[in-house]
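Chains as they are written, first to last, in the numbering used here: chain A, 1234 to 1540; chain B, 11 to 425.
Ideal placement from N, C-alpha and C gives every residue a C-beta, glycine not left out.
Notes to accompany the following structure.
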């Protein structure tokens, strides 16, 4: 069925393909490639020459990642999240039926099943596990043979997950980062790929919103992922809250008056480039060109794997 | 793009129909173009025959422009921001945003929430929603529509501008619904947007989802009944002395056990059974727990089922509890026993389950609502004292007694 087709599976996209994409889209893609510091085949020149707008200068020789590459990047993130939740809620790895364990890299630092402070938190995390597991399954289905296997994952990259509080801190960060990753990648996707990504984005947002509230209610420790991260924080005053997020934090990871920009106005959620996402997950803040580390000791699988 | 057509909201939609949605997308797109009165046959054929340009950068000749979709979203944001402004500040939005605005009817009075944390949370959401209005108006520039008239109780009347006292539970239920509906609206709109418009919509979507996730948890923690108590209505025929309602127009979202209100309905009568003979409008039958005490003629009375969550794309915010934790992990949101056509599910988040996941919205994914489906919720009238149903073709009602402003303002008629 058409809705399940991957529009572009070939990273060397055709001229026709690029011609069909909005001018601004192509421009974004170029920015995206620049952010990735990707260098590639001379085919890039031919690709860009097919663009309809003369404003897109042929000034770089790069190959755009195909939509399947972007989806595989997302799949790596979902592997990480789903595996993490599987261990903390089920005490085991993902089920073989998910397809995630075939040809998988090694999973290290896996926590035992955890006991959470309340039944409500337990229930909530079980539902989040369900969501993340199904994001893996759906993305693998959409990508079909193009789906990358699960890479090696070190779940203890941010410290041994031995307590419920530690797990909630990590979970909160995963969800907030996940939401920004999807928000940052949407313009690289079209059609069914876009629809899948935005529906997953919404769910990452649901999880983030709830887990941030749980973090506030349970005084969960906060580890700042990067400068775009917002500490889960109740200002304790309605008037203060109505002024938006501050340096002290906020209920939600959105821009406040001080952190707003033209690309992320006040009240909007942030976006992160793939490089910014990987700098968090690889544990290499501010470093460009890293291909592995942190939660992914051997790096991500797929074309997009470098900070 | 299968989930993105202007899909006619069919109140008797079934899961099977949802599953078939993908295969019907080309036809729906064609119907959609026709419904808009676009007569450029060649252009229309080009649109439906070409799969690749899923989101053309300019669609004005073939359908709503990107700015039309953003203005549709702006209407939703006006509703949210205005509602939050009244319940948190006790006043309308800042005057800088209300130039040439329609009138605000029956605004809620400032609400005192049960805890400081909830008060703070709702205030921060107000900040976000106010900022979304500002952000969208900046993005749209001169194309931004002004705020339409609203009835902030969703009552479709323009009779009173007097503030209405609402309970904290009612306010929380209303904003919970707004946030979940907002998410599904943007999930649908996104495919028609490109570049900065798309990114902005995604950033608003993320914030909307943050809000929904937190508010759903608050509603669960406060153990509030889902409110508004009824936002799906139906008409039917009752006979005095009989427990059966015939000629039922719409059973979507109704649930066995829901309380019924209407002329001739015995006080406290509940839905005992729902029978759907076919998908034809007006052919359903509902059995009540008590006999009717008056008779009505065909479609003369509209009945409202209370505590009816939604349109099949809403998950009731409920913690299923320890006994269901395994089921939650393996099946997702859980079926509420006794629901019918489409079933109602409950869980922490508004996502598809194993049971009602589709090709376009797999399990664990958030739903998308077409503009028509969104308007069906926003144009419906919720109060037990008003019996107006949003029907295909409706261009106003409920929260928007004069309709939303902009090119996308009506529920498509079934094509």
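- prompt: Roughly how many angstroms lie between the CA atoms of residue 355 (chain B) and residue 232 (chain B), to the nearest whole one?
  reply: 19 Å
Own chain partners of residue 389 (chain B) with C-beta closer than 6 Å, once the 5 adjacent residues on each side are dropped: 400, 404, 407, 408
- prompt: Helix, strand or coil: how does DSSP classify residue 178 (chain B) here?
  reply: helix
- prompt: Going by the beta-carbon positions, is the gap between residue 1352 (chain A) and residue 333 (chain B) smaller than 8 Å?
  reply: no
message: Among A:1396, A:1391, A:1395, A:1523, whose alpha-carbon lies nearest the alpha-carbon of residue 1406 (chain A)?
response: A:1391
- prompt: Given that a residue counts as buried once 16 or more other Cβ atoms are within 10 Å of its Cβ, and exposed if not, what is residue 1518 (chain A)?
  reply: exposed
- prompt: If you count every other CB in all the chains shown that lies within 10 Å of the CB of residue 235 (chain B), and 16 or more means buried, which is it?
  reply: Because the pLDDT of residue 235 (chain B) is 48, which lies under 50, any placement of that residue in the model is unreliable, and the question is left without a value.
task: On a CA-only basis, which of B:179, B:75, B:186 is nearest residue 154 (chain B)? Give me that one, please.
output: B:75
- prompt: Quick one: is residue 1360 (chain A) near chain B, going by C-beta distance under 8 Å?
  reply: yes
task: Mind checking which residues open and close the alpha helix (DSSP H) that includes residue 1305 (chain A)?
output: 1300 to 1323
- request: Could you tell me whether the Cβ of residue 1434 (chain A) comes closer than 8 Å to any Cβ of chain B?
  value: yes
message: When you compare the CB positions of residue 224 (chain B) and residue 1484 (chain A), do they come within less than 8 Å of one another, or not?
response: yes
field: Option in B:254, B:376, B:218 with minimal Cα separation from residue 446 (chain B)
entry: Nothing about residue 446 (chain B) can be read from this structure; chain B reaches only from 11 to 425.
- prompt: DSSP state of residue 39 (chain B), grouped into three classes?
  reply: With a pLDDT of 32 at residue 39 (chain B), under the threshold of 50, the modelled position of that residue is not reliable, and no figure is offered here.
query: Which word fits residue 180 (chain B), buried or exposed, when buried means at least 16 other C-beta atoms lie within 10 angstroms of its C-beta?
result: buried
- prompt: Expressed to the nearest angstrom, what Euclidean distance is found between the alpha-carbon atoms of residue 271 (chain B) and residue 163 (chain B)?
  reply: 18 Å
task: Compare the beta carbon distance of residue 192 (chain B) and residue 157 (chain B) with 8 Å and say whether it is the shorter of the two.
output: no
task: Go ahead and label residue 1425 (chain A) buried or exposed: buried means 16 or more other beta carbons lie within 10 angstroms of its beta carbon, across all protein chains shown.
output: buried
message: Does any residue of chain B have a CB that is nearer than 8 Å to the CB of residue 1467 (chain A)?
response: yes
message: Below 8 Å on the Cβ atoms is my contact criterion, and I expect residue 362 (chain B) with residue 372 (chain B) to pass it. Report the Cβ-Cβ distance as a whole number of Å.
response: 6 Å
message: Please report the straight-line C-alpha distance between residue 1388 (chain A) and residue 1466 (chain A), rounded to a whole angstrom.
response: 26 Å
- prompt: Would you say the beta carbon of residue 1329 (chain A) comes nearer than 7 Å to a heavy atom of the ligand HEM?
  reply: Because no ligand of any kind appears in the structure shown, any question about the ligand HEM cannot be addressed here.
message: Taking the straight line between their C-alpha atoms, what separation do you get for residue 385 (chain B) and residue 1344 (chain A)?
response: 46 Å
- prompt: So, is the C-beta of residue 415 (chain B) closer than 8 Å to a C-beta in chain A?
  reply: no
- request: For residue 356 (chain B), name the three-state secondary structure that DSSP assigns.
  value: strand
task: Report the neighbours of residue 382 (chain B) on chain A: residues whose CB is nearer than 9 Å to its CB, in chain order.
output: Going along chain A, no residue has its Cβ under 9 Å from residue 382 (chain B), so there is no contact; the nearest lies around 18 Å.
query: So which residues of chain A does residue 226 (chain B) contact, with C-beta pairs closer than 9 Å?
result: 1439, 1442, 1443
message: If I follow the unbroken beta strand (DSSP E) through residue 285 (chain B), where does it start and stop?
response: 281 to 285
query: What in chain A is Cβ-close to residue 214 (chain B), meaning under 7 Å?
result: 1501
query: If the cut is a Cβ gap below 7 Å, which residues of chain A does residue 335 (chain B) touch?
result: 1355, 1356, 1359
message: Quick check: what's the CA-CA separation for residue 383 (chain B) versus residue 335 (chain B)?
response: 32 Å
- request: Have a look at the DSSP bridge pairing and note the partners of residue 115 (chain B).
  value: B:161
- request: Quick one: residues in its chain with C-beta nearer than 8 Å to the C-beta of residue 1315 (chain A), no 5 flanking neighbours on either side, listed in chain order?
  value: 1327, 1331, 1333, 1362, 1365, 1366, 1368, 1369
query: Whose C-alpha, out of B:370, B:107, B:326, is nearest the C-alpha of residue 142 (chain B)?
result: B:107
task: Name the two residues that bound the continuous beta strand (DSSP E) containing residue 296 (chain B).
output: 294 to 298
task: Grab the span of the beta strand (DSSP E) containing residue 256 (chain B) for me, first residue to last.
output: 254 to 258
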